[in-house]
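**Q** Quick note, the working numbering runs 10 ahead of the 1-based positions in the sequence shown.
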Amino acid sequence: MSHALDRPPRILIAEDTPQAAELLEVYLAETDAEVRVASDGELAMQQATAWRPDLVLLDVMMPRVTGFEVCKRLRANPATREIGIIMITALDQPSDVEKAVEAGTDDFLSKPINKAELLKRVRALLDSRRHPRELDRALAYIEGVQKGDAAQP
């Protein structure tokens, strides 16, 4: 995944309940992110591959393909494996958290979603994904300077 540092972060909401998706969109309005919604697991995988979001808010219980399976498939695909994933569910069994971790999620939130907690986790995950790329860009610039072919900042 290539997160362009000069564009807003992209967040894909994968949620089959329109009211829940709309609520997440309202909460995310406080970020500078571009937000899109996929209403089922199959559409979520298609949008993740085509649009390359920086983060997916992934409901577990969705039609066609569950959030657990979406997460596994995104992690298995080299083009999408670096996308941040926060799984969101009404399920509250410890085994559900274990399944989410085994599927490759970065974080896990239970419904009902607390706005402050959601925003804190979204920002933290986006920041954790952004900083290594900023470091890579700085190192590439330094390497270019050493070779005498770096573009001026």
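Note that the Cβ used here is the ideal one computed from N, Cα and C, for glycine as well.
(1) Are the CB atoms of aspartate 26 and methionine 72 within a distance shorter than 7 Å?
(2) Can you list, in chain order, the residues of its chain with a C-beta nearer than 8 Å to that of threonine 59? Leave out the 5 residues immediately preceding and following it.
(3) Tell me, to the nearest whole angstrom, how far the beta carbon of alanine 31 is from that of valine 47; I am working on the premise that it is less than 8 Å.
(4) Between the region 129–139 and the region 93–100, do three or more beta carbon pairs fall short of 8 Å?
(5) Since valine 66 is in the beta strand (DSSP E), which residue starts that stretch and which ends it?
(6) Excluding the 5 residues preceding and the 5 following proline 163 in the sequence, name in chain order all residues of the same chain whose CB lies nearer than 6 Å to its CB.
(7) Buried or exposed: alanine 100, going by 16 or more other Cβ atoms within 10 Å of its Cβ?
(8) Closest to threonine 41 by CA distance: which of Pro18, Ala24 and Leu84 is it?
(9) Provide the residue(s) that pair with glutamate 44 in DSSP beta bridges, ordered along the chain.
(10) If distances are taken between C-alpha atoms only, which option among Asp64, Ala43, Arg62 and Ile98 comes closest to threonine 76?
(11) Taking 7 Å as the threshold (C-beta atoms), are alanine 24 and aspartate 64 in contact?
(12) Helix, strand or coil for leucine 119, going by three-state DSSP, please let me know.
(13) Quick check on the burial criterion: 16 or more other C-beta atoms within 10 angstroms. Buried or exposed for lysine 157?
(14) Measure from the alpha carbon of glutamate 112 to the alpha carbon of each residue in Arg140, Cys81 and Asp137, then state which is nearest.
(15) Looking at leucine 128 and tyrosine 37, is the spacing between their C-beta atoms short of 7 Å?
(16) Determine the extent of the beta strand (DSSP E) in which methionine 97 is found, giving its start and end residues.
**A** Well, looking at it:
(1) As a position in the sequence shown, residue 72 is number 62, starting the count at 1. As a position in the sequence shown, residue 26 is number 16, starting the count at 1. Yes. Within cutoff.
(2) To locate residue 59, count along the sequence shown from 1; it is residue 49. Non-local C-beta neighbours of threonine 59 in its own chain, meaning closer than 8 Å and more than five positions away in sequence, comprise Asn87, Ala89 and Thr90, ordered along the chain.
(3) To locate residue 31, count along the sequence shown from 1; it is residue 21. To locate residue 47, count along the sequence shown from 1; it is residue 37. Between valine 47 and alanine 31 the Cβ distance is about 5 Å, and since that is below 8 Å, they are a contact.
(4) Yes, since at least three Cβ pairs between the region 129–139 and the region 93–100 fall closer than 8 Å, the two stretches touch.
(5) Stepping through the sequence shown from its first residue, residue 66 is reached at position 56. From DSSP, the beta strand (DSSP E) with valine 66 extends over 65–69.
(6) Here residue 163 corresponds to residue number 153 of the sequence shown, with the count starting at 1. Because proline 163 carries a pLDDT of 49, less than 50, the predicted location of this residue cannot be relied on, and the following value inherits that uncertainty. Cβ within range, chain order: n/a, list empty.
(7) Position 90 of the sequence shown holds residue 100. Alanine 100 is exposed by the Cβ-count criterion.
(8) Position 31 of the sequence shown, counted from the start, is the residue given in the question as residue 41. Minimum Cα-Cα distance from threonine 41 among the listed residues Pro18, Ala24 and Leu84 corresponds to Pro18.
(9) Within the sequence shown, residue 44 is the residue found at index 34, counting from 1. Paired residues: Arg20.
(10) On the sequence shown, residue 76 is found 66 positions in, with the first residue counted as 1. Among Asp64, Ala43, Arg62 and Ile98, the Cα nearest to that of threonine 76 is on Ile98.
(11) If you number the sequence shown from 1, residue 64 lands on position 54. If you number the sequence shown from 1, residue 24 lands on position 14. No. Outside cutoff.
(12) In the sequence shown, residue 119 corresponds to position 109, counting from 1. In this structure, leucine 119 counts as strand in the three-state DSSP scheme.
(13) Here residue 157 refers to the residue found at position 147 when the sequence shown is read from its first residue. Only exposed fits lysine 157, as fewer than 16 other CB atoms lie within 10 angstroms of its CB.
(14) Indexing the sequence shown from 1 puts residue 112 at position 102. Measuring from the Cα of glutamate 112, the nearest candidate turns out to be Cys81.
(15) Numbered from its first residue, the sequence shown carries residue 37 at position 27. Numbered from its first residue, the sequence shown carries residue 128 at position 118. Closer than 7 Å, so yes.
(16) In the sequence shown, residue 97 corresponds to position 87, counting from 1. Its beta strand (DSSP E) spans residues 94–99.
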